[in-house]
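Residue numbers (the working numbering): 17 to 165.
All residues carry an ideal CB built from backbone N, CA and C; glycine is no exception.
Single-structure report; data block below.
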């Protein structure tokens with residue numbers, strides 16, 4: 017196996033662990049192992065629209081999601097690698113059971129698709145750029161629409 021293929025295979029394994037062990041079950045020890053100290057998490061789950069910087073802050077954000085959606089489940093649909101990137105697309109299903117971003121629990125079960133583009137350096141994830149097909153998620157957190165849903 018050539019070096020590039022081995023690196024891509026290793027990166028696929030790391031990205032899968034990130035999704036299945038860190039995002040899906042909130043195992044912070046996995047983040048400690050695979051995230052670069054200068055990790056950047058580009059996501060829409062912040063109130064100020066800024067990326068989340070660093071493994072510890074990222075672990076706090078994922079923990080908050082799990083507190084708000086304790087029954088969260090993720091199912092990987094696609095995963096592939098090229099050069100220093102891995103793309104993972106998965107379906108999320110969860111029930112809004114606790115307050116999140118100032119919105120009281122609605123009890124609504126939502127399903128949406130996330131696509132994560134990971135960038136790697138020296139066997140660690142340095143960036144996670146998230147794109148979410150999150151119409152239902154945005155709908156859930158927009159108080160003007162909650163009564164209509």
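Using the Cα positions of residue i and residue j, report the straight-line distance between them to the nearest angstrom.
i           : j           : result
residue 126 : residue 113 : 11 Å
residue 122 : residue 116 : 10 Å
residue 65  : residue 18  : 40 Å
residue 92  : residue 20  : 24 Å
residue 37  : residue 45  : 9 Å
residue 82  : residue 22  : 33 Å
residue 144 : residue 43  : 17 Å
residue 56  : residue 72  : 11 Å
residue 5   : residue 80  : Absent from the structure is residue 5, since the part of the chain shown begins at 17 and ends at 165.
residue 25  : residue 87  : 30 Å
Drop a sphere of 10 angstroms on the beta-carbon of residue i, count the other beta-carbons inside from all chains shown, and report buried for 16 or more, exposed for fewer.
i           : result
residue 75  : buried
residue 165 : Confidence at residue 165 is low in this model, with a pLDDT of 45, below 50, so its placement is unreliable and no value can be given for it.
residue 53  : exposed
residue 27  : buried
residue 104 : buried
How far does the alpha helix (DSSP H) with residue i in it extend, from its first residue to its last?
i          : result
residue 84 : 71–84
residue 46 : 44–50
residue 27 : 19–33
Answer yes or no: do residue i and residue j have a C-beta to C-beta separation smaller than 8 Å?
i           : j           : result
residue 129 : residue 34  : no
residue 31  : residue 106 : no
residue 78  : residue 39  : yes
residue 108 : residue 90  : yes
residue 111 : residue 85  : yes
residue 146 : residue 59  : yes
For chain C, find out if any of its Cβ atoms is closer than 8 Å to the Cβ of residue i; answer yes or no.
i           : result
residue 132 : In the displayed structure, chain C is absent; only one protein chain is listed.
Please list the terminal residues of the continuous beta strand (DSSP E) segment that includes residue i.
i           : result
residue 110 : 101–111
residue 118 : Segment: none, residue 118 is in no beta strand (DSSP E) and carries neither H nor E.
residue 36  : Premise fails: residue 36 is in no beta strand (DSSP E) and is neither H nor E.
residue 41  : Looking at the DSSP string, residue 41 is not in any beta strand (DSSP E), and its letter there is neither H nor E.
Cβ contact (3+ pairs, closer than 8 Å) linking the stretch 44–60 and the stretch 98–110: no
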